[in-house]
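Heads up, the first sequence is in this note's numbering, so the first residue is 5 and it goes up one at a time.
Ideal Cβ positions, reconstructed from N, Cα and C, are used throughout, including at glycine.
These notes concern the structure reproduced below.
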Amino acid sequence: MQQSVINKASKFLEVLDRKYPDATCSLRYNSAFELLVATILSAQCTDERVNKVTKVLFERYKTVQDFANIDIDELRNIIKPTGFYNNKAANIKNIALTLLNEYDGRIPENIDELTKLPGVGRKTANVILGNCFTPQGIVVDTHVKRVCRRIGLTKNETPEKIEQDLLKLIPKDKWNRFSHQTILFGRNICTARKPKCEICEMATLCHFYRGA
DNA sequence: CTCCCGATAT
DNA sequence: ATATCAGGAG
5 MQQSVINKAS KFLEVLDRKY PDATCSLRYN SAFELLVATI LSAQCTDERV
55 NKVTKVLFER YKTVQDFANI DIDELRNIIK PTGFYNNKAA NIKNIALTLL
105 NEYDGRIPEN IDELTKLPGV GRKTANVILG NCFTPQGIVV DTHVKRVCRR
155 IGLTKNETPE KIEQDLLKLI PKDKWNRFSH QTILFGRNIC TARKPKCEIC
205 EMATLCHFYR GA
């Protein structure tokens, strides 16, 4: 591994800790199951909008059993503002049924079983693991991908390969923290449309900034 | 690769 | 008008 990439990573960790000393999950939830539902809703949608929807949703439906019995049309209506509502509604109900039938109503605690649930991919599974169980991965969402590629922590394109690169660069005890901080950095500074390079502390080390 | 898909910033 | 938002399945 190149020394320059290692230097960038440690500099980036330094900046993140200074800017976001107490970064946590921005989705609101009171259980692993609620976080699972919220994370599914967050696909291609801002977490702010998800929180508005889940506020209503979690008031009406509390338990896994409640979601297993839910009227699919009502669920569709409640979650409509998050987009992809047909898929998301079906997935959420099917997950609740699967959890009751195969897992005694509990959430599996490993990535292989989590990703077998309908509508749960690697990113969603890592969110659950990182926030609810022993941290076992780094979340590579659209923000983490964009930021790490721009800074030059990875040249890879797929979330899985990017995750592998980051797992080697970031100390294990910081994985979940790094995910939250990098997402905040991507939302506030290194935005997709008009990145605020003028105020970015990574600009001097950034490949993207120097115009590549 | 395409499709799912509403809301917002640019 | 278009890109983008805590993606995943076929």
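- prompt: CB-CB under 8 Å to Ala93, same chain, minus the five flanking residues each way: which ones, in chain order?
  reply: Reading the first sequence from its first residue, position 89 is the one you call residue 93. Cβ within range, chain order: Ile76, Leu79, Arg80, Ile83.
message: Let me confirm a value: Ala196 is counted as buried when at least 16 other C-beta atoms fall within 10 Å, else exposed. Which label applies?
response: As a working mapping, residue 196 is identified with position 192 in the first sequence. Ala196 should be labelled exposed.
task: Classify Lys165 as buried or exposed, calling it buried when 16 or more other Cβ atoms lie within 10 Å of its own Cβ.
output: Locating residue 165 in the first sequence gives position 161, counting from the first residue. Looking at its Cβ environment, which holds fewer than 16 other Cβ atoms inside 10 Å, Lys165 is exposed.
message: Between Gly141 and Ile115, how many whole angstroms is the CB-CB distance? I'm expecting something under 8 Å.
response: In the first sequence, counting from the first residue as 1, residue 141 sits at position 137. In the first sequence, counting from the first residue as 1, residue 115 sits at position 111. The Cβ separation is near 7 Å, so the contact holds.
Alpha-carbon to alpha-carbon, Thr50 and Met206: Mapped onto the first sequence, residue 206 falls at position 202. Mapped onto the first sequence, residue 50 falls at position 46. The straight-line gap from Cα to Cα measures roughly 25 Å.
- prompt: Hey, Val143 and Lys159: beta-carbon distance below 7 Å or not?
  reply: For the purposes of this step, residue 143 is taken as the residue at position 139 of the first sequence. For the purposes of this step, residue 159 is taken as the residue at position 155 of the first sequence. Their beta carbons are not under 7 Å apart, which means Val143 does not touch Lys159 by this criterion.
- prompt: Which value, in whole angstroms, describes the spacing of the CA atoms of Gly190 and Leu133?
  reply: As a working note, residue 190 is residue 186 in the first sequence. As a working note, residue 133 is residue 129 in the first sequence. Approximately 21 Å, taken between the alpha carbons.
query: Which class does Lys172 belong to by DSSP, given the choice of helix, strand or coil?
result: Here residue 172 refers to the residue found at position 168 of the first sequence. It is helical.
message: If I follow the unbroken alpha helix (DSSP H) through Tyr89, where does it start and stop?
response: Translated into positions along the first sequence, residue 89 becomes position 85. Per DSSP, Tyr89 belongs to the alpha helix (DSSP H) from 89-106.
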